[in-house]
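J.:
In this note's numbering, the protein residues as written are 86 to 354.
(1) Can the beta-carbon of residue 324 be found less than 9 angstroms from the beta-carbon of residue 218?
(2) Whose C-beta lies closer than 6 angstroms to the C-beta of residue 148 among residues of the same chain, with five residues either side of it excluded?
(3) Determine the contact status of residue 205 and residue 237, defining contact as a CB-CB distance below 9 angstroms.
(4) Can you say whether residue 262 is buried or exposed, counting buried as having 16 or more other CB atoms within 10 angstroms of its CB?
(5) Would you check if the distance between the CB atom of residue 203 and the CB atom of residue 319 is smaller than 9 angstroms?
(6) Rounded to whole angstroms, what's the CA-CA distance from residue 277 to residue 338? Just pull it up for me.
(7) On a Cα-Cα basis, can you pick out the residue from 283, 275, 216, 274 that is closest to residue 257?
(8) Using 10 angstroms around the beta-carbon of residue 309, count the other beta-carbons present and answer buried if the total reaches 16, otherwise exposed.
(9) Would you call the CB atoms of residue 116 and residue 275 closer than 9 angstroms?
(10) Taking C-alpha atoms, which residue in 232, 210, 153 lies nearest to residue 200?
(11) Suppose the cutoff is 6 angstroms on Cβ atoms and the five residues either side in sequence are ignored; what does the same chain contact list for residue 349 look like?
(12) Between which residues of its own chain and residue 341 is the CB-CB distance below 7 angstroms, once the five residues before and five after are set aside?
(13) Any idea what DSSP makes of residue 347, helix, strand or coil?
(14) Hey, quick one: how far does the alpha helix (DSSP H) through residue 255 stretch, first residue to last?
(15) Identify which residue in 216, 291, 207, 281 has its Cα closest to the Cα of residue 158.
(16) I believe residue 259 touches residue 234 by the beta-carbon criterion, under 8 angstroms. Please report the beta-carbon distance rounded to the nearest angstrom.
(17) Quick check on this structure: which residue in 281, 160, 345 has the alpha carbon closest to the alpha carbon of residue 227?
(18) Counting along the chain, where does the alpha helix (DSSP H) carrying residue 230 start and finish?
(19) Grab me the residues of residue 291's own chain with a C-beta within less than 7 angstroms of its C-beta, minus the 5 sequence neighbours each way, in chain order.
(20) Check this for me: beta carbons of residue 232 and residue 265, under 9 angstroms apart or not?
(21) Identify whether residue 158 lies in helix, strand or coil by the three-state DSSP scheme.
(22) Measure from the alpha carbon of residue 119 to the alpha carbon of each residue in 102, 316, 110, 273, then state which is nearest.
(23) Buried or exposed: which applies to residue 223, given that a residue is buried once 16 or more other Cβ atoms fall within 10 Å of its Cβ?
(24) What are the boundary residues of the alpha helix (DSSP H) that includes residue 115?
(25) Rounding to the nearest angstrom, what Cα-Cα distance links residue 329 and residue 336 in this structure?
(26) Between residue 143 and residue 281, what straight-line distance do the alpha-carbon atoms span, to the nearest angstrom?
(27) For residue 221 and residue 327, which I take to be in contact (beta-carbon distance under 8 angstroms), what is that distance rounded to the nearest angstrom?
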């Protein structure tokens, strides 16, 4: 065992080397990626300044709009095949193009336009997330897969730059699981509300970035593309973890993830 690691960490993990490498990359994305830092860099504005750009009344409007957008996006995105694309165009590039177009249209009309555009961009995001789920072997026709796709909106990197919640990936999954012991319709509103509570923060940062003077109308396209790439990466990582759980067992993957996470955190001290 390396002398630089705590004695409690095992030298080897209960996964093959290839699976361990895949899990390590998924952990990096899930725990360390920073949408907030990316948007702040695009706007040339500190994160807290992005948050302060929006009045309190706007934040209340966004909270309601996010819940509506998520509910509409679930049925719209999963009703069709998320991985389907136009002939000669990959699913990734199709969703990028649509996200840019919808973001540009919304950004050109300020907050009102963005709130109107939010259900469209959220549906596009969810379709891309669904495409990642399908690529990882998930059945996108099942309600459970739709719920897993929605969970991606609640995931975020937990870096200091994000000022994100302190809960990690598995803690977030556990917190959301209580709302869906089954996929009964009476439980879905509570699940949507729990997702919305975590997704509203990134949406507010998105709006703050679009409101930056250096951004302007064209920024809606750039911000939507950044949103798409961020959540697509989270989706790929999330469904990678789920695929590994199916192959090697949830307990083994969770144990390996925790060791990898501890190694990464300890190495930064």
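Heads up, the beta-carbon is just placed ideally off N, CA and C, and yes, glycines get one too. Computed from a predicted model, the values in this text were never measured in an experiment.
T.: Taking the coordinates as given:
(1) One thing to note: residue 324 has its Cβ within 9 angstroms of the Cβ of residue 218.
(2) If the five residues before and after residue 148 are omitted, its C-beta is found closer than 6 angstroms to the C-beta atoms of 285, all from its own chain and listed in chain order.
(3) Cβ atoms of residue 205 and residue 237: not closer than 9 angstroms.
(4) Residue 262 should be labelled exposed.
(5) Not closer than 9 angstroms, so no.
(6) Roughly 27 angstroms between the two C-alpha positions.
(7) Comparing Cα positions, the closest option is 283.
(8) Under this definition residue 309 is a buried residue.
(9) Between residue 116 and residue 275, the C-beta spacing is not below 9 angstroms.
(10) Of the candidates 232, 210, 153, the residue whose Cα lies closest to the Cα of residue 200 is 153.
(11) Correct list: empty, nothing qualifies.
(12) Only residues of its own chain outside the window of five on either side were considered, and among them 98, 99, 100, 105, 108 have a CB closer than 7 angstroms to the CB of residue 341, listed in chain order.
(13) Here residue 347 sits in helix by DSSP.
(14) Unbroken alpha helix (DSSP H) run through residue 255: 254-262.
(15) Answer by Cα proximity: 207.
(16) The C-beta distance from residue 259 to residue 234 rounds to 18 angstroms, too long to meet the 8 angstroms contact threshold.
(17) The shortest C-alpha separation from residue 227 is found at 160.
(18) Where residue 230 is concerned, the enclosing alpha helix (DSSP H) stretches over 228-236.
(19) The answer, listed in chain order, is 124, 308, 312.
(20) For the pair residue 232 and residue 265, the CB atoms are nearer than the 9 angstroms cut-off.
(21) Note: residue 158 maps to helix in three-state DSSP.
(22) Considering only alpha carbons, the answer is 316.
(23) With 16 or more Cβ atoms within 10 Å of its Cβ, residue 223 is classed as buried.
(24) Residue 115: member of the alpha helix (DSSP H) spanning 102-117, first to last residue.
(25) Their backbone Cα atoms lie some 11 angstroms apart in a straight line.
(26) Computed Cα separation, rounded: 16 angstroms.
(27) A Cβ-Cβ distance of about 7 angstroms is found for the pair residue 221 and residue 327, placing them in contact under the 8 angstroms criterion.
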